[in-house]
Amino acid sequence: MHHTHKPPFIEELTAITGQDPSQCYQCGKCSAGCPVREFTDEAPNRVVRYVQLGFYEKALTSKTLWLCAGCQTCSSRCPKDFHLAHFMDAMRELALKKGMVEDEKNTVEFHKAFLKQIESYGRTHEVGMVRDYKLHTMDLMKDVDLAPTMFLKGKLSILPHKVKDTKTIKKIFKQK
Ligand code: SF4
Ligand code: SF4
């Protein structure tokens, strides 16, 4: 019998997540419910698609990875039981490991500040997030080029209207 080998990247990803990305059939249900979809450059399921197609670099450098709040809404909606939140987490890990994160320190700090905002308030608002971010980096001059483009477009202000269920979000974070 002919033996098919998976690409090394898929092996690596599968080893972390315990699930093969080919499981996803691109229905888009995950992204439709994703609270940060409004200001990601690419829908979460598109990142999975890139991996399926072998565009690993495109997937690993997607800003969507760092905007993902790990809320698990996607995972709970998936008709194929694909744990997209876990996939995102593994992709962040691999992106760091492979040195694929541009401006690594700032990106990671951005991610942390973003999560902290969501955890504290059940939502994110621009002023709080920028303040938090600056405290972490202490590098005010870099504000312009550090943030994902949506930051500059002011799209962050969308989130408070999208994420209103503070109790549920607090519960999600407690389960971590
Ligand atoms: S809901 Fe599941 S199967 Fe559908 S696109 Fe998202 S991850 Fe893929
Ligand atoms: S875990 Fe990430 S990708 Fe999934 S719905 Fe939440 S923010 Fe979106």
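Residue 202, in the numbering used here, is where the sequence shown stops; the numbers in between run on with no holes. Even glycine gets a Cβ: it sits at the ideal position worked out from N, Cα and C.
Option in the options with minimal Cα separation from residue i
i, options, result
"residue 115", "129, 106 and 98", "98"
"residue 43", "109, 100 and 64", "109"
"residue 35", "55, 79 and 88", "79"
"residue 59", "102, 133 and 123", "102"
"residue 125", "87, 72, 31 and 136", "87"
Residues near residue i by beta carbon distance below 8 Å, same chain, minus five either side
i, result
"residue 38", "120"
"residue 81", "none"
"residue 57", "63, 69, 70, 71, 72 and 100"
Whole-angstrom C-beta distance between residue j and residue i, which should lie under 8 Å
i, j, result
"residue 100", "residue 70", "6 Å"
"residue 111", "residue 96", "5 Å"
"residue 47", "residue 113", "7 Å"
Contacting residues, own chain, Cβ-Cβ under 7 Å from residue i (five flanking each side not counted)
i, result
"residue 45", "108 and 109"
"residue 105", "53 and 55"
"residue 179", "Model confidence at residue 179 stands at a pLDDT of 44, short of 50, so the residue's coordinates are unreliable; what they give is reported in the following sentence. Result list for residue 179: empty, nothing under 7 Å."
Residue i CB to nearest heavy atom of ligand 2 below 7 Å
i, result
"residue 110", "yes"
"residue 104", "no"
"residue 114", "yes"
Same chain only: Cβ atoms within 6 Å of residue i, ignoring 5 sequence neighbours per side
i, result
"residue 32", "none"
"residue 93", "62 and 66"
"residue 118", "91"
"residue 73", "85, 88 and 90"
Any non-hydrogen atom of ligand 1 within 7 Å of residue i CB
i, result
"residue 203", "Here the chain has residues from 27 to 202 only, and residue 203 is not among them."
"residue 62", "no"
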